[in-house]
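Heads up: the structure comes next, in structure tokens.
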Amino acid sequence: MNVSSEFDSELYSTAVSQLDRVASRLQLDPAIHHRLRLPRRALVVSIPVRMDDGRTEVFTGYRVHHNTVLGPTKGGLRYAPDVSLGEVTALAMLMSWKCALMNLPYGGAKGGVRVNPRTLSVQELEGLTRRYTAEIILLIGPDLDIPAPDLGTDERTMAWMMDTYSMTQGKSVPGVVTGKPLIIGGSAGRREATGRGIVYVLYQAARRLGQELRGRTVVVQGFGNVGGVAARLLWRDGAIIVGVSDVKGGIWNPRGIDIRQLEAHVKESGGVGGFPDTEQVSNTEILERPCDVLVPAAVGSQIRQENADRIKASIVAEGANGPTTPEADVILRERGVTVIPDILANAGGVVVSYFEWVQGLQYYFWQESEITARLQEVMTRSFDRVWSLANKEGTDLRTAALMEGIRRVAEAYSVRGLYP
Ligand code: NAD
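In my numbering, the protein residues as written are 15 to 434.
See below:
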């Protein structure tokens with residue numbers, strides 16, 4: 015089977031080659047395998063935005079539903095300069111496996127707008143978000159497709175989306191997005207959920223490997239929602255955060271970085287660069303610096319064939335989606351590095367998004383302690399299942415996680431049959 019050219023991109027090839035590998039292991043029905051390689055629907059939209067200087071600029075946006083076999087679709091919305099249909103489709107596919115792996119009643123989706131959000135004013139961002147929401151409105155809804163924040167988007171973006179959608183319905187519809195501010199139906203603990211989930215699975219992995227996280231050195235690439243929270247929680251628990259980076263580059267101190275002071279510095283200066291007592295390093299270099307645990311939590315395809323044998327960490331927890339290419343994956347596996355794959359490591363976000371959605375549909379909100387406890391339970395249970403399957407099948411954790419997720423989606427296809 016060839017990769018469909020509409021979706022041509024590095025991440026889509028990666029996602030399809032992962033699917034193909036697992037499909038043959040699972041001996042999937044070829045017809046179901048073929049359907050899983052392609053999204054159910056993909057929408058491309060043009061988004062005209064009135065800029066502050068009076069000009070109108072037109073941006074390109076996407077919303078892709080990979081499959082709806084287990085329920086409505088769920089997936090983030092990203093604003094980034096290199097977003098493409100292929101990338102969004104690959105991320106929607108990964109969301110399908112992730113939701114199925116975590117036993118959530120969702121199919122996978124993803125959205126994106128090709129824009130560098132840092133170059134837009136708040137007003138321009140609001141105009142962009144509202145018009146994008148209006149353009150994809152037929153594809154979203156609380157029982158249809160529920161967006162959430164991702165790279166370059168946040169709670170404020172979700173509030174604008176929720177408001178735009180609600181205006182077309184003549185009533186407030188909190189269940190149309192997750193990752194909203196608390197005041198309009200957001201969930202306690204959602205902002206921290208992905209970073210917190212990474213920490214939970216890291217504890218499980220360390221325990222299985224007979225290690226302790228306290229006193230271990232950690233590098234985090236990306237100091238945003240995911241990486242920032244993971245760094246803070248690991249630091250609070252006694253890990254030594256030796257390196258951290260953002261889009262402009264990284265900082266390094268082998269004796270450890272005080273994350274609370276770094277957060278204050280980022281708030282003031284807008285980035286991690288220039289933090290006292292640290293050496294400036296590039297985003298490529300920071301991945302190769304000595305550490306026990308590496309958390310890539312920025313963008314895709316960071317650990318590649320060219321640098322995989324220079325990664326020093328013994329555990330890699332994938333905060334970002336698709337940070338390791340398939341070639342690099344093989345190298346890491348051969349070198350004995352334990353890779354906790356994205357669809358497991360960063361699933362805390364979608365798990366608490368599910369909690370937020372359920373709370374919104376019931377208009378009944380839970381305490382943060384309840385959410386954190388349930389998240390820990392779901393992450394630990396999923397990690398255990400993946401770890402046991404990997405041992406039983408003699409595979410790495412990524413293969414086991416994909417097997418579990420893909421098997422569930424394929425089984426649902428098989429049970430539901432083909433319409434008409
Ligand atoms: P964010 O925008 O809050 O933070 C991203 C961080 O990465 C920032 O520090 C940014 O400066 C840095 N960055 C951006 N482009 C970079 C580049 N080219 N090189 C190096 N650093 C770069 O985004 P986020 O929500 O923290 O998401 C980060 C990653 O985690 C993404 O891959 C996203 O898909 C994934 N993810 C996010 C969630 C979530 O709940 N937010 C859930 C699952 C997975």
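By construction, the Cβ of each residue, glycine as well, lies at the ideal position given by its N, Cα and C atoms.
Excluding the 5 residues flanking F289 on each side, which residues of the same chain have their C-beta closer than 6 Å to its C-beta? Excluding five sequence positions before and after F289, the CB atoms of its chain that fall closer than 6 Å to its own CB belong to I265, L276 and H279, given in chain order.
Closer than 6 Å by C-beta to E293: which residues in its own chain qualify, once you throw out the five before and the five after it? Chain order, please. So the qualifying residues of the chain are W266.
Counting along the chain, where does the beta strand (DSSP E) carrying L308 start and finish? According to the DSSP assignment, L308 belongs to the beta strand (DSSP E) that extends over V307 to P310.
What is the residue span of the beta strand (DSSP E) that I265 lies within? G263 to W266 is the extent of the beta strand (DSSP E) around I265.
Are the CB atoms of T178 and R128 within a distance shorter than 8 Å? No.
Quick check: is any heavy atom of ligand 1 less than 7 Å from the C-beta of V213? No, since every heavy atom of ligand 1 falls outside the 7 Å radius drawn around the Cβ of V213.
If you check the beta carbons only, do T338 and L346 fall under 8 Å apart? Against a cut-off of 8 Å, the Cβ pair of L346 and T338 comes out as a contact.
So is the beta-carbon of V234 under 7 Å away from any non-hydrogen atom of ligand 1? No.
Sequence-distant residues of its chain with Cβ nearer than 8 Å to V72 (five each side left out): So the list reads S60, I61, P62 and V63, once near-sequence residues are dropped.
Helix or strand or just coil, what does DSSP make of P355? Note: P355 maps to coil in three-state DSSP.
Residue interval of the beta strand (DSSP E) (run including S259): For S259, the enclosing beta strand (DSSP E) covers residues I254 to D260.
Assuming G236 contacts D260 (C-beta within less than 8 Å), just tell me the rounded distance between them. Contact between G236 and D260 holds, with the beta-carbon distance rounding to 7 Å and staying under 8 Å.
Near ligand 1: L165 beta-carbon under 7 Å from a heavy atom: Within the cutoff, so yes.
Which residues in the same chain have their Cβ closer than 6 Å to the Cβ of T74, if we skip the five residues on either side of it in sequence? Non-local C-beta neighbours of T74 in its own chain, meaning closer than 6 Å and more than five positions away in sequence, comprise R128, ordered along the chain.
Alpha carbon to alpha carbon, how far is G184 from N335? Give it in angstroms, no decimals. Computed Cα separation, rounded: 36 Å.
Strictly by DSSP, which residues pair up with F237? Checking the DSSP bridge columns, you'll see F237 has no partner listed.
Note down, one range per segment and in chain order, each beta strand (DSSP E) of at least 3 residues found wholly within the stretch 315-380. Runs of the beta strand (DSSP E) lying entirely within the stretch 315-380, each at least 3 residues long, are 329-331 and 352-354 in chain order.
Use the C-beta contact count for P310: other C-beta atoms within 10 angstroms, 16 or more gives buried, fewer gives exposed. When all chains shown are included, P310 counts as buried.
Indicate whether at least one CB of chain D lies closer than 8 Å to the CB of G75. In the displayed structure, chain D is absent; only one protein chain is listed.
Beta-carbon separation (whole angstroms), T28 vs A104, contact threshold 8 Å: Yes, they are in contact, since the Cβ atoms of T28 and A104 sit about 7 Å apart, within 8 Å.
Counting only the same chain and skipping the five closest in sequence on each side, list residues whose C-beta sits under 7 Å from that of R430. The answer, listed in chain order, is V83.
According to DSSP, what are the bridge partners of Q294? The beta-bridge partner set that DSSP reports for Q294 consists of I265.
Is V364 buried or exposed, if buried means 16 or more other CB atoms sit within 10 Å of its CB? By the neighbour-count rule (16 or more Cβ atoms within 10 Å), V364 is buried.
Among residues of its own chain, excluding the 5 on either side of E302, which ones have a beta-carbon nearer than 8 Å to its beta-carbon? Cβ contact annotation for E302 (same chain, cutoff 8 Å, sequence separation greater than five): N321, R324, I325 and K326, in chain order.
Excluding the 5 residues flanking Y93 on each side, which residues of the same chain have their C-beta closer than 6 Å to its C-beta? Cβ within range, chain order: V127, V129, P131, G166 and T167.
Does E382 pass the burial test, meaning 16 or more other C-beta atoms within 10 Å, or should it be called exposed? E382 is exposed by the Cβ-count criterion.
By the DSSP assignment, the beta strand (DSSP E) with T70 in it spans what residues? Unbroken beta strand (DSSP E) run through T70: T70 to H79.
Touching or not, the stretch 201-221 and the stretch 393-403, by the rule of three or more beta carbon pairs under 8 Å? Pairwise C-beta distances place the stretch 201-221 in contact with the stretch 393-403, as three or more of them are shorter than 8 Å.
Of all the options V234, R388, Y368 and L99, which has the alpha carbon lying nearest to the alpha carbon of P156? Closest option to P156, judged by alpha-carbon separation, among V234, R388, Y368 and L99: Y368.
What is the C-beta distance between S201 and Q376, in whole angstroms, given that I count them as a contact (C-beta under 8 Å)? Actually they do not touch by this definition, with Cβ atoms about 12 Å apart.
Using the Cα positions of Q32 and G68, report the straight-line distance between them to the nearest angstrom. Each residue's alpha carbon lies about 46 Å from the other.
Just confirm the distance between the C-beta atoms of L358 and V400, as a whole number of angstroms; I'd bet it's less than 8 Å. Contact between L358 and V400 holds: their C-beta atoms lie close to 6 Å from each other, under 8 Å.
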